[in-house]
Structures are given as structure tokens and as C-alpha cells.
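**Q**
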Amino acid sequence: MLSSIRLLFVSRNFPPLKGGMERLNHRIFLVMQSAFRMAFCGPRGSSGFIANPEHLTELPVSSLVAFLLSCQVSSLRLALRFTPDIIYSGSGLTAPAVWFSALVTKAKTVCYLHGLDIVVDHPIYQFFFLRAIKQFDQIIVNSKHTAALAMAAGIRQDAIAIVHPGVELPDLRWSSECRRRFRHHISAGERSILLIAGRLTERKGVADFVRYGLPEVRRVFPDTLLVVVGEEARSALKHRKGVTEGILCAAEESGCEDIVFLGAVDDAMLSDAYFAADVMVFPVLDLPGDVEGFGMVALEAAAHGLPTVAFAVGGVPDAVEHGRSGYLAKSGDYFQFSQYVIELLHSRHRAGTIPCAASCIEFAQGFAWPLFNQRFLAVLQSLDSVRKVVR
């Protein structure tokens, strides 16, 4: 235990807001709380997700500008009261507030960066936020791709550490029952199921897959059912309205209207969906100013023995190992993408089960949360201020 070390955690990306970054930061907070004395500054409602930090400040999130201004003031006040050894920023968005608070209190700074934190195409962000990020003592990134983006943006290579997000390993003993339950819930019978999971944004490429990839799959496997789990990311900074409508239009144009939209579901139903599906599809687009930093859903799918077919863009190749936990197609090559899906469905039908399930699970085990915890704490413990306290 490193209970004498004080850490101030600052982030907008935290529950009750929803998304992969929010869930990851929640996990990171719990890891830190097991090792450090903690203070927290984050979104209103976050107190329901954390237990007994020494100091807690909640901020409004309905307006991004209001959050940033209040975060700048509140994090400084909290830092002056708590006198932390380390101040952590959960994303690039809170980097200026963390940097200034650390400058005043002489604390070390750590930021966990996703790809979007670096490539946001806004002049104010690039000038102020990225400039603050470059001053941090330690930058933790979620993939090799994000590390390359960070170095290209001028962040020191010796300040960057790659710590991939972790994954929960499910109890595989109940996989058959979970599969049966989910298929009954959506009345799928024994039809082939392609699964898409996660918040619906333009970057996820669902509409384009329905338009250009799904018709070829359905030509070979006419009974294929596409199941979409997730809702539009209305609280995301890059959200654009009409994503669901775009998917429906693509379905009508391509004649592939047999799609099940389940919206947001709880973790138990999502786990059932992973067990019930035959292939996870992750047709992420390579968009300027909007990058997929990792690909958490592909890793979750692998933990359930479900292979993923994805485009090799952004940090996705860190989350999908070609030939082991799925297949990676060249960006925008929908014919190759659909052929990989068809190959996996053929294998599934011939074997009566998913032949590569064991290799998927083995791949995911290398990202288990206990390993993430060890890797993350090892990076924090490498900071000079932490080493001095430990000694």
C-alpha cells in the first residue's frame, strides 16, 4: 500500500456519463484508490460510483464550456486544500486545469490519452489543450497508434507509456445458457448473428457496412441477422445527430432491413449477446479528426470466445490479432471485410461451434484487469515523487 501518497483525480469522462472512456476511468480510479490517498473532481452524480475519497467536488456537465471553466477553478481549489503528490487527468479535456493546478502545487502530472485527445481538429484545443498535455510528466496511452500520434504531436517519447485497457473475463460455464437466453429474447432461433456493440457514432461505420458489406454476407448466408447493441453517443464531444437514421436509410437502400436495434443494455445482456453471436463486426471508419484509439468491444468479444472482423484503422490492431482473435481488413475494403465474415460463418456452420473461440479467449486473457492494474500502477510508481515517498 502506498497510502501516504496523495493523488487528485480530475476527469469529465466518468460515470454517470456513459461510454468506454468513462468505464475505463472508473476502473482506473478504483485501482488508484487501492494504492493512494484520493481526492476527486468530476461530473455531477459521480459520487454514486466511488467510495469515500478524502475530498470530492462535482461539476455540471450539461454545458462543456461551463464544465471547463468550473473545472479550472475547482480543481485548483481542491489541489490547494489536498496538496497532492500527483494530479491525474482522465483525458486531454481536463489537461489545462490539471497542468495549472500542478504548476501551483508542484505536483507531478499524469494523463491517460485516447487517440481523439490528440487529433481533435479544433484550433483552440490544439493551441491550449495539446500545449498543456505536452507539459505533463507522464502520458499513458491506450495503443501503439495513439503513442505514434502523441509523438507526432510533439509529446516526448520518454514520457509515453502504453497501457492497453483491461477486460473482464466472463464465467464460460454458462455460455450455452446465455446464448440460448439471448437468442430466445430476440427470436433469432439458429440464424447467423452478426453483432455490433458500442455507442453509435459516425466513426463506427455501421451505415457504410450495412450499405457495402452486409449485402455480400447475406448473399451467401441469407438468414443473417444484424444485431446492434448501443445508442447514439449524445454526450460525446464528436456526436452528430442522425446516426441511427443513417443506418436505417442504408438498410433500405441495400435491401438489408432485417436489423435488430436493442439500444442501451446492461452488462449482463451485453455478455449474453457476445455469447449468442457468431461474428463481431467492427467496421470503424478512418476519419480525419476522429480516430478509434483502441477497440474495447473487440476485446470484450474475444473474452467471450467471439471473433471480430474489423478494419485495420487507428488502435484497432492492438485489440484484434489477425488470425488469432479475428481478422483485420484493409480500411474501406468492404469486399475483403465481408469475405472474412463469410469465412468465419462457414467455419461456424461446419464445426457447429466457433473454431477459434479458444484462441480468442487466450488472446483476451493477456488483457485481464489484474494485469492492467499491475501495469498501470507500475507506471505511476515510476514517477520520481512516488519513488521518494516509497523509499
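Our numbering puts the sequence shown at residues 372 to 762. Backbone N, C-alpha and C define an ideal beta-carbon position, used for all residues, glycine too.
(1) From leucine 751 to glutamate 663, what distance separates their C-alpha atoms?
(2) For the structure I just gave you, are there three or more beta carbon pairs, one from the segment 741–750 and one from the segment 525–535, closer than 8 Å?
(3) Less than 7 Å between C-beta atoms, sequence neighbours within five positions excluded: which residues of the same chain meet that for proline 386?
(4) What do you reckon, are the CB atoms on glycine 391 and glycine 686 nearer than 8 Å?
(5) Looking only at its own chain, which residues have a Cβ that is under 6 Å from the Cβ of leucine 540, when we skip the five neighbours before and after it?
(6) Just to confirm the assignment, what range does the beta strand (DSSP E) spanning valine 650 have?
(7) When DSSP builds the beta bridges, which residues end up paired with glutamine 509?
(8) Taking the Cβ atom as the reference point for each residue, do alanine 524 and isoleucine 489 lie within a distance shorter than 8 Å?
(9) Buried or exposed: where does valine 432 fall if 16 or more other Cβ atoms within 10 Å of its Cβ makes it buried?
(10) Beta-carbon within less than 6 Å of serine 446's beta-carbon, same chain only, minus the 5 sequence neighbours each way: which residues are those?
(11) According to DSSP, simplified to helix, strand and coil, what is leucine 540?
(12) Taking a contact to mean a Cβ-Cβ separation below 8 Å, would you say arginine 552 touches aspartate 643 in this structure?
(13) State the DSSP-derived secondary structure class of alanine 729, mapped to helix, strand or coil.
(14) Unbroken beta strand (DSSP E) runs of length 3 or more, entirely within the segment 548–597: which are they?
(15) Starting from methionine 409, follow its DSSP beta bridges and name the residues at the other end.
(16) With DSSP as the reference, label aspartate 661 as helix, strand or coil.
(17) So the candidates are Met640, Ala647, Tyr711, Gly676; which of them puts its Cα closest to the Cα of proline 654?
(18) Please tell me whether alanine 749 and glycine 676 are closer than 8 Å, where the distance is taken between their beta carbons.
(19) Give the secondary structure of isoleucine 421 by DSSP, where H, G and I count as helix, E and B as strand, and everything else as coil.
(20) Let me check understanding here. Comparing Cα to Cα, which of Asp594, Leu715, Phe498 lies closest to valine 652?
(21) Return the bridge partner residues of tyrosine 698 from the DSSP annotation.
(22) Rounded to whole angstroms, what's the CA-CA distance from leucine 633 to alanine 690? Just pull it up for me.
(23) According to DSSP, is histidine 319 part of a helix, a strand, or is it coil?
(24) Between which two residues does the beta strand (DSSP E) containing glutamate 429 stretch?
(25) Would you report the Cα separation of serine 702 and serine 375, rounded to the nearest angstrom?
(26) Report the start-end ranges of each alpha helix (DSSP H) in the segment 444–476 that is 4 residues or longer and not cut off at the edges.
(27) Which residues does DSSP pair with glutamate 603 in a beta bridge?
(28) Helix, strand or coil for proline 387, going by three-state DSSP, please let me know.
(29) State the beta-bridge partners of phenylalanine 632 as determined by DSSP.
(30) Using the three-state DSSP reduction, which class does isoleucine 526 fall into: helix, strand or coil?
(31) Let me check understanding here. Comparing Cα to Cα, which of Asp704, Ala681, Tyr705 lies closest to glycine 694?
(32) Methionine 640 to arginine 408, Cα distance in whole Å?
(33) Assuming tyrosine 459 and leucine 379 are in contact, meaning their beta carbons sit under 8 Å apart, how far apart are those beta carbons, in whole angstroms?
(34) For the candidate residues Ile618, Phe500, Pro688, whose alpha-carbon lies nearest to that of threonine 517?
(35) Shorter than 7 Å, the distance from the beta carbon of leucine 520 to the closest heavy atom of the ligand FMN, or not?
**A** Result, derived from the coordinates:
(1) Locating residue 751 in the sequence shown gives position 380, where the first residue counts as 1. Locating residue 663 in the sequence shown gives position 292, where the first residue counts as 1. A straight line joining the alpha-carbon of leucine 751 with that of glutamate 663 spans about 25 Å.
(2) Note that the segment 741–750 touches the segment 525–535; at least 3 beta-carbon pairs, one per stretch, sit closer than 8 Å.
(3) To locate residue 386, count along the sequence shown from 1; it is residue 15. Same-chain partners within the cutoff: Glu393, His397, Ser417, Phe420.
(4) Counted from its first residue, the sequence shown places residue 391 at position 20. Counted from its first residue, the sequence shown places residue 686 at position 315. Their beta carbons are not under 8 Å apart, which means glycine 391 does not touch glycine 686 by this criterion.
(5) Within the sequence shown, residue 540 is the residue found at index 169, counting from 1. The beta carbon of leucine 540 lies closer than 6 Å to those of Ala674, Ala739 in the same chain, with the five residues before and after it left out.
(6) As a working note, residue 650 is residue 279 in the sequence shown. Run containing valine 650: 650–653, per the beta strand (DSSP E) assignment.
(7) Residue 509 sits at position 138 when you count from the first residue of the sequence shown. Val481, per the DSSP bridge assignment.
(8) Looking up residue 524 in the sequence shown gives position 153. Looking up residue 489 in the sequence shown gives position 118. Result yes, Cβ atoms of alanine 524 and isoleucine 489 sit closer than 8 Å.
(9) Taking the first residue of the sequence shown as position 1, residue 432 is located at position 61. Buried: at least 16 other Cβ atoms inside 10 Å.
(10) Here residue 446 refers to the residue found at position 75 of the sequence shown. Around serine 446, the same chain offers Val381, Cys412, Ala468, Ser472 as residues with beta carbons nearer than 6 Å, after the five sequence neighbours per side are excluded.
(11) Position 169 of the sequence shown, counting from 1, holds the residue named residue 540. Three-state DSSP puts leucine 540 in coil, outside helix and strand.
(12) One-based indexing of the sequence shown puts residue 552 at position 181. One-based indexing of the sequence shown puts residue 643 at position 272. Yes, the pair counts as a contact, with Cβ atoms nearer than the cut-off.
(13) On the sequence shown, position 358 is the one that residue 729 refers to. If DSSP states are grouped into helix, strand and coil, alanine 729 belongs with the helices.
(14) For secondary structure counted as the beta strand (DSSP E) over 3 or more consecutive residues, the segment 548–597 holds these complete runs in sequence order: 564–568.
(15) Residue 409 sits at position 38 when you count from the first residue of the sequence shown. Beta-bridge pairing links methionine 409 to Leu378.
(16) By 1-based counting over the sequence shown, the position of residue 661 is 290. Strand.
(17) The count along the sequence shown starts at 1 and reaches residue 654 at position 283. Out of Met640, Ala647, Tyr711, Gly676, Tyr711 has the C-alpha closest to the C-alpha of proline 654.
(18) Locating residue 749 in the sequence shown gives position 378, where the first residue counts as 1. Locating residue 676 in the sequence shown gives position 305, where the first residue counts as 1. No. Outside cutoff.
(19) Against the sequence shown, residue 421 aligns to sequence position 50. Isoleucine 421 falls in the coil class under three-state DSSP.
(20) For the purposes of this step, residue 652 is identified with residue 281 of the sequence shown, where counting begins at 1. Checked all of Asp594, Leu715, Phe498; the closest Cα to valine 652 is Leu715.
(21) Your numbering for residue 698 matches position 327 in the sequence shown. In the DSSP output, where bridge partners are listed per residue, tyrosine 698 has Val680.
(22) On the sequence shown, residue 633 is found 262 positions in, with the first residue counted as 1. On the sequence shown, residue 690 is found 319 positions in, with the first residue counted as 1. Going by the C-alpha atoms only, they are around 24 Å apart.
(23) An answer regarding residue 319 cannot be provided, because it is not within the stretch 372 to 762 covered by the chain.
(24) If you number the sequence shown from 1, residue 429 lands on position 58. Here the beta strand (DSSP E) through glutamate 429 covers 426–430.
(25) Taking the first residue of the sequence shown as 1, we reach residue 702 at position 331. Taking the first residue of the sequence shown as 1, we reach residue 375 at position 4. Rounded to the nearest angstrom, the two C-alpha atoms are 48 Å apart.
(26) Within the segment 444–476, the complete alpha helix (DSSP H) runs of at least 4 residues are 466–476.
(27) In the sequence shown, counting from the first residue as 1, residue 603 sits at position 232. In the DSSP output, where bridge partners are listed per residue, glutamate 603 has Leu571.
(28) Along the sequence shown, read from residue 1 onward, the residue named residue 387 stands at position 16. Here DSSP, grouped into helix, strand and coil, assigns proline 387 to coil.
(29) As a position in the sequence shown, residue 632 is number 261, starting the count at 1. In the DSSP assignment, phenylalanine 632 is bridged to Val599.
(30) In the sequence shown, the residue the question calls residue 526 occupies position 155. Three-state result, isoleucine 526: coil.
(31) Within the sequence shown, numbered from 1, the residue matching residue 694 stands at position 323. Checking every option, the nearest Cα to that of glycine 694 belongs to Ala681.
(32) Residue mapping note: residue 640 aligns to position 269 of the sequence shown, counting from 1. Residue mapping note: residue 408 aligns to position 37 of the sequence shown, counting from 1. Between the alpha carbons of methionine 640 and arginine 408 lies a gap of roughly 35 Å.
(33) Reading the sequence shown from its first residue, position 88 is the one you call residue 459. Reading the sequence shown from its first residue, position 8 is the one you call residue 379. Sure, about 7 Å apart at Cβ, within 8 Å.
(34) Indexing the sequence shown from 1 puts residue 517 at position 146. The residue with the shortest Cα to Cα distance from threonine 517 is Pro688.
(35) Absence of the ligand FMN is noted for the structure shown, with no ligands found whatsoever.
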